[in-house]
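Participant: Residue numbers (the UniProt record's numbering): 1 to 150. The structure under discussion is supplied below as structure tokens; questions concerning it will follow.
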Amino acid sequence: MAPSTVTKELPCAIPAPKLWAAIMDAHLLAKAVKPVVTSVEVEGGDGVIGSIRTVNFNAEIVGFPYIKEKVTILDESSMTIGASLIEGGYLGSQLKSHSATITVKPNGQGSVMVWVLTYEPLIENPNIDGIVEAFVKSFKAVEAYLQSTN
């Protein structure tokens, strides 16, 4: 099956530099998205190209125990980071490949986060809506966490 792409533009009340710093802090995800995310482990540097991040989930909530992703793109000047899933999640069961990029753009006093998911399905109807919904909920949880700790 051919690769497909989903793009989401999510407005955010957080200024772009602060949101970018939060995205680059892998461990903030576990703080902001409890009890869904139970922990985050980083190998080879936090956010640098080639580093590997394992996000461990509460499998009773998410349906799988973890994802492991490798950072493939990092451009600090455009506030863009990209990663490819290398293990876990729906990889191998529903998806042949799964990669995403995040770009943070200033927008007035806040920002807009552009998330682009590129995937190649293994089955006819993979749970892409579930992936998108989980990402949006996680993003909103991070935004709320940043607002509460301001």
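By construction, the Cβ of each residue, glycine as well, lies at the ideal position given by its N, Cα and C atoms.
For the structure I just gave you, are there three or more beta carbon pairs, one from the segment 30-39 and one from the segment 67-74, closer than 8 Å?
Facilitator: Result no; under three Cβ-Cβ pairs closer than 8 Å.
Participant: If you drop the 5 nearest sequence neighbours on each side, which residues of the same chain put their C-beta closer than 6 Å to that of E120?
Facilitator: Excluding sequence neighbours, E120 sits near P3, K96 and S97.
Participant: Would you decide whether F139 is buried or exposed? Buried here means 16 or more other CB atoms lie within 10 Å of its CB.
Facilitator: Under this definition F139 is a buried residue.
Participant: How many whole angstroms separate the CB atoms of L146 and A22, which I take to be in contact at a CB cut-off of 8 Å?
Facilitator: Right, the Cβ-Cβ distance comes to about 6 Å (below 8 Å), so this counts as a contact.
Participant: State whether the segment 128-138 contacts the segment 104-114, with contact taken as three or more CB pairs (one from each stretch) at a distance under 8 Å.
Facilitator: Touching, no, given that fewer than three Cβ pairs across the two stretches are closer than 8 Å.
Participant: Residues in the same chain with beta-carbon distance under 8 Å from I61, minus the five sequence neighbours each way, listed in chain order, please.
Facilitator: So the qualifying residues of the chain are P35 and V36.
Participant: Is the beta carbon of F64 closer than 7 Å to that of G89?
Facilitator: Taking 7 Å as the Cβ cut-off, G89 and F64 qualify as a contacting pair.
Participant: When burial is assigned at 16 or more other CB atoms within 10 Å of the CB, is S78 buried or exposed?
Facilitator: Flag for S78 reads exposed.
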